[in-house]
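Peer 1:
There are 2 protein chains.
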Amino acid sequence: MFDHTRRVAMAVAYDGSCFHGWQMQHNATTVQGKIEDALEAILHRPVRVHGSGRTDAGVHALNQIAHCDLPKAQDLHKLRGGLNALAAPAVAVKKIVEVPAAFHARHSAVGKTYRYHIYNRAYPPVLAPRRCWWVKAPLDDEAMRLAAEQLLGTQDFSSFRAAECTAKSPIRTLSRIELAIGNWPDGTLMIEMEASGFLQHMARIVTGTLVAVGLGRLAPEALPAILAARRREAAAATAPGHGLHLVRVAYDLDIYPQLRALKD
Amino acid sequence: MFDHTRRVAMAVAYDGSCFHGWQMQHNATTVQGKIEDALEAILHRPVRVHGSGRTDAGVHALNQIAHCDLPKAQDLHKLRGGLNALAAPAVAVKKIVEVPAAFHARHSAVGKTYRYHIYNRAYPPVLAPRRCWWVKAPLDDEAMRLAAEQLLGTQDFSSFRAAECTAKSPIRTLSRIELAIGNWPDGTLMIEMEASGFLQHMARIVTGTLVAVGLGRLAPEALPAILAARRREAAAATAPGHGLHLVRVAYDLDIYPQLRALKD
């Protein structure tokens, strides 16, 4: 901490294929570590950066939100330029804005949106190989939609959390889950999920289970029983990290109107 | 040539950042070379592949079209699988279809569509750095649209061709040029151009000139004079290759209805 500090929030994009996830680890390159190293190089003292949550190895972010405390005199526009020069080429600090000291990137978050990209073609996704999961066999996206709808609402997602997940409660509210066709590469099947929060691997286990439905290995009607089982083994395999994108983190803008400035 | 051959056409996607362009060169990795090497490894004899045209180093393709002559007995489905295994990870043979012997990927082509991606943000495009041109200063896309419209129609594009361009005629018909906002990464400005054909560097010089307009260095009204000058120096600098994508090649489907099978 500096003597005279102010808290700032930043929106960060990163190519997850270059990192062992968001969170600092010993002997591994992480996004948090990359930003902290850049801040230390600029400010000549260590600064701790707090993200809205971890992302797994390989997972990308369009808008991860983080906060830290900086010297009051620091020009934020110049800081962004310096951070982007030092954190390149796989991390971009898109925007930085001053926020009240009560703001906390993780504790203040009220929701998150993830998007999973599936390339469902017989040939490989050469133009974005580390941005989507290549599923060769044809998927029945209508069946996947039917299955997805049954996950909506406030539910016990124990079947959709990693065995090592340490969250106290397995209850989460999935407020939106939509399948759409994107154009990068053309024909990408995108699953967008918005929830109050995500358990460890939840977005990837939901995706893996919907793909099992799309391949005909599971019936859409099986979803309620999978939820009710509350056992990880009841759901299908975890989809790979490299297809997943953290799209946005939601905060109460009545409490923190400053965060509007972080939007694209 | 084989004793008993048939001609096939293939749709090919590639990540141009891995190649020195499409066309075979001595001591350089090219897309054509990659496909020919894979064909030779599978068929145990050399096969010449003819593309619809060259693409420059760094330029990507969603659907380049090529043709070659193959043994009649060759199973095309298996061949595709083999080619995709051998040409990975930067080249995908999306589809292969038998065509009449009169078909020629370059001579039969009646039009092409290119799309140029510009990332117009103060921070870098970390999720697709080799798929778009990062232009930091804000672009006036309305001025760019006005300028673009003036290039439409059958014109002498001498000001928009590379000095070393060997095409006999500089006359081309630009039938469509549209600016749109794409989402990969979010906010990408895309310039899509459809023409009877493109001179060497034409799509990139058109883009560079529209960006000069967007930056306020050129007025949209200057375009007719730039065309009329018929000198390369009259237009702006060539945009980098890595933002450009060959989107599709057009053929007369009344003459070659088989090509419908190559569509996505």
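Chains as they are written, first to last, in our numbering: chain Y, 1 to 264; chain L, 1001 to 1264. Yeah, the Cβ is synthetic: ideal placement off N, Cα and C, and Gly gets one too.
(1) Are there 16 or more other CB atoms within 10 angstroms of the CB of residue 1110(L), so buried, or fewer, so exposed?
(2) Can you tell me where the alpha helix (DSSP H) with residue 1010(L) in it begins and where it stops?
(3) Grab the span of the alpha helix (DSSP H) containing residue 145(Y) for me, first residue to last.
(4) Let me know the secondary structure DSSP gives residue 1087(L) once reduced to three states.
(5) Whole-angstrom Cβ separation of residue 1210(L) and residue 1170(L), contact assumed at under 8 Å?
(6) Is the shortest distance between the beta-carbon of residue 1264(L) and the beta-carbons of chain Y less than 7 Å?
(7) In this structure, does DSSP put residue 34(Y) in helix, strand or coil?
(8) Give the C-beta separation of residue 139(Y) and residue 244(Y) to the nearest angstrom, bearing in mind that I take them to be a contact with Cβ-Cβ under 8 Å.
(9) Mapping the DSSP letters down to three states, classify residue 1242(L) as helix, strand or coil.
(10) Counting C-beta neighbours from all protein chains within 10 Å, is the total for residue 194(Y) 16 or more, i.e. buried, or is it exposed?
(11) Could you give the DSSP three-state label for residue 1078(L): helix, strand or coil?
(12) Mind reading off the beta-carbon distance from residue 51(Y) to residue 66(Y)? Whole number of angstroms is fine, and I expect it under 8 Å.
(13) Pick helix, strand or coil for residue 1071(L), following the three-state DSSP scheme.
(14) Say whether chain Y places a C-beta atom closer than 7 Å to the C-beta of residue 1240(L).
(15) So, using beta-carbon positions, are residue 49(Y) and residue 25(Y) closer together than 7 Å?
(16) Please identify, using Cβ separations under 7 Å, the residues of the stretch 1012 to 1026 of chain L that lie next to chain A, in order along the chain.
(17) Take every Cβ of the stretch 5 to 22 of chain Y, pair it with every Cβ of the stretch 54 to 63 of chain Y, and state whether three or more of those distances are shorter than 8 Å.
(18) Per DSSP, what are the beta-bridge partners of residue 207(Y) in this structure?
(19) Quick one: Cα of residue 1099(L) to Cα of residue 1009(L), how far?
(20) Can a CB atom of chain Y be found closer than 7 Å to the CB of residue 1127(L)?
(21) For residue 194(Y), which three-state DSSP category applies?
(22) What residues match up with residue 25(Y) in a beta bridge as DSSP calls it?
(23) Buried or exposed: which applies to residue 225(Y), given that a residue is buried once 16 or more other Cβ atoms fall within 10 Å of its Cβ?
(24) Measure the alpha-carbon distance for residue 1213(L) versus residue 1240(L) and round it to whole angstroms.
(25) Under 7 Å between the Cβ atoms of residue 114(Y) and residue 203(Y)?
(26) Can you check which of these residues, 87(Y), 126(Y), 106(Y), is closest to residue 1091(L) by C-alpha distance?
(27) Thinking C-beta only, is residue 1186(L) closer than 7 Å to residue 264(Y)?
(28) In its own chain, which residues sit with a C-beta less than 7 Å from the C-beta of residue 95(Y), not counting the 5 before and 5 after it?
(29) Considering just the uninterrupted stretch of the beta strand (DSSP E) at residue 199(Y), what are its terminal residues?
(30) Determine the chain L residues that contact residue 84(Y) at a beta-carbon separation under 7 Å, and present them in chain order.
(31) Using DSSP with H/G/I as helix, E/B as strand and the rest coil, what is residue 1127(L)?
(32) Would the beta-carbon of residue 1167(L) fall within 7 Å of that of residue 1232(L)?
(33) Is the Cβ of residue 1184(L) closer than 7 Å to any Cβ of chain Y?
(34) So the alpha helix (DSSP H) residue 1227(L) belongs to, where does it begin and stop?
(35) Per DSSP, what are the beta-bridge partners of residue 258(Y) in this structure?
(36) Which chain L residues sit within Cβ distance under 7 Å of residue 60(Y)?
Peer 2: Well, looking at it:
(1) Mapped onto the second sequence, residue 1110(L) falls at position 110. Residue 1110(L) should be labelled exposed.
(2) Mapped onto the second sequence, residue 1010(L) falls at position 10. Element bounds for residue 1010(L): not the alpha helix (DSSP H) but the beta strand (DSSP E), 1005 to 1014.
(3) Locating residue 145(Y) in the first sequence gives position 145, counting from the first residue. Taken as a continuous stretch (DSSP letters only), the alpha helix (DSSP H) holding residue 145(Y) covers 141 to 149.
(4) Walking along the second sequence from the start, residue 1087(L) turns up at place 87. In this structure, residue 1087(L) counts as helix in the three-state DSSP scheme.
(5) Start at 1 with the first residue of the second sequence, and residue 1210(L) comes out as number 210. Start at 1 with the first residue of the second sequence, and residue 1170(L) comes out as number 170. With a contact defined as Cβ atoms closer than 8 Å, residue 1210(L) and residue 1170(L) miss out at about 19 Å.
(6) Here residue 1264(L) is taken as the residue at index 264 of the second sequence, counted from 1. Yes, because at least one Cβ of chain Y sits closer than 7 Å to the Cβ of residue 1264(L).
(7) What you label residue 34(Y) is simply residue 34 of the first sequence in a count that begins at 1. Assigned with DSSP and collapsed to three states, residue 34(Y) falls in helix.
(8) What you label residue 139(Y) is simply residue 139 of the first sequence in a count that begins at 1. What you label residue 244(Y) is simply residue 244 of the first sequence in a count that begins at 1. Going by Cβ atoms, the distance from residue 139(Y) to residue 244(Y) rounds to 17 Å, so no, they are not a contact pair.
(9) Stepping through the second sequence from its first residue, residue 1242(L) is reached at position 242. In the structure shown, residue 1242(L) falls within a helical segment according to DSSP collapsed to helix, strand and coil.
(10) Start at 1 with the first residue of the first sequence, and residue 194(Y) comes out as number 194. Answer is buried; the Cβ neighbour count reaches 16.
(11) Residue 1078(L) sits at position 78 when you count from the first residue of the second sequence. In the displayed model, residue 1078(L) falls within a helix according to three-state DSSP.
(12) In the first sequence, counting from the first residue as 1, residue 51(Y) sits at position 51. In the first sequence, counting from the first residue as 1, residue 66(Y) sits at position 66. Yes, they are in contact, since the Cβ atoms of residue 51(Y) and residue 66(Y) sit about 5 Å apart, within 8 Å.
(13) Sequence index remark: in the second sequence, residue 1071(L) carries index 71 (1-based). For residue 1071(L), the three-state secondary structure derived from DSSP is strand.
(14) Counting from one through the second sequence, the residue named residue 1240(L) turns up at place 240. Chain Y has no Cβ within less than 7 Å of the Cβ of residue 1240(L).
(15) Your numbering for residue 49(Y) matches position 49 in the first sequence. Your numbering for residue 25(Y) matches position 25 in the first sequence. No, the Cβ-Cβ distance between residue 49(Y) and residue 25(Y) is not below 7 Å.
(16) The question asks about chain A, but that chain is absent: this structure's protein chains are Y and L.
(17) Note that the stretch 5 to 22 of chain Y touches the stretch 54 to 63 of chain Y; at least 3 beta-carbon pairs, one per stretch, sit closer than 8 Å.
(18) The count along the first sequence starts at 1 and reaches residue 207(Y) at position 207. For residue 207(Y), no pairing in a beta bridge is given by DSSP.
(19) As a working mapping, residue 1099(L) is identified with position 99 in the second sequence. As a working mapping, residue 1009(L) is identified with position 9 in the second sequence. So the alpha carbons of these two residues sit roughly 6 Å apart.
(20) Position 127 of the second sequence, counting from 1, holds the residue named residue 1127(L). By this cut-off, residue 1127(L) is an interface position.
(21) As a first step, residue 194(Y) must be located in the first sequence, where it is residue number 194. Residue 194(Y) falls in the strand class under three-state DSSP.
(22) On the first sequence, position 25 is the one that residue 25(Y) refers to. Beta bridge pairing from DSSP links residue 25(Y) with 28(Y).
(23) Sequence index remark: in the first sequence, residue 225(Y) carries index 225 (1-based). The C-beta of residue 225(Y) has fewer than 16 other C-beta atoms within 10 Å across all chains shown, which makes the residue exposed.
(24) As a working note, residue 1213(L) is residue 213 in the second sequence. As a working note, residue 1240(L) is residue 240 in the second sequence. Straight-line spacing of the CA atoms in residue 1213(L) and residue 1240(L) works out to 17 Å.
(25) What you label residue 114(Y) is simply residue 114 of the first sequence in a count that begins at 1. What you label residue 203(Y) is simply residue 203 of the first sequence in a count that begins at 1. Going by C-beta atoms, residue 114(Y) is nearer than 7 Å to residue 203(Y).
(26) As a working note, residue 1091(L) is residue 91 in the second sequence. Considering only 87(Y), 126(Y), 106(Y), the residue with the shortest C-alpha distance to residue 1091(L) is 126(Y).
(27) Residue 264(Y) sits at position 264 when you count from the first residue of the first sequence. Residue 1186(L) sits at position 186 when you count from the first residue of the second sequence. Yes. Within cutoff.
(28) For the purposes of this step, residue 95(Y) is taken as residue 95 along the first sequence, with counting starting at 1. Excluding positions up to five away in sequence, the list reads 10, 11, 261, 262.
(29) Looking up residue 199(Y) in the first sequence gives position 199. Run containing residue 199(Y): none; DSSP gives neither H nor E here.
(30) As a first step, residue 84(Y) is located in the first sequence; it is residue number 84 there, counting from the start. Ordered by position in chain L, the residues that pass the 7 Å Cβ test against residue 84(Y) are 1123, 1124.
(31) Position 127 of the second sequence holds residue 1127(L). Residue state, collapsed to three classes: coil.
(32) The residue labelled residue 1167(L) in the question sits at position 167 within the second sequence. The residue labelled residue 1232(L) in the question sits at position 232 within the second sequence. Not in contact: residue 1167(L) and residue 1232(L) (Cβ atoms no closer than 7 Å).
(33) To locate residue 1184(L), count along the second sequence from 1; it is residue 184. For residue 1184(L), the answer is yes, since a Cβ of chain Y falls inside 7 Å of its Cβ.
(34) Position 227 of the second sequence, counted from the start, is the residue given in the question as residue 1227(L). From DSSP, the alpha helix (DSSP H) with residue 1227(L) extends over 1223 to 1229.
(35) By one-based count along the first sequence, residue 258(Y) stands at place 258. Partner(s): none; residue 258(Y) has no beta bridge.
(36) Counted from its first residue, the first sequence places residue 60(Y) at position 60. Neighbours of residue 60(Y) on chain L, chain order: 1127.
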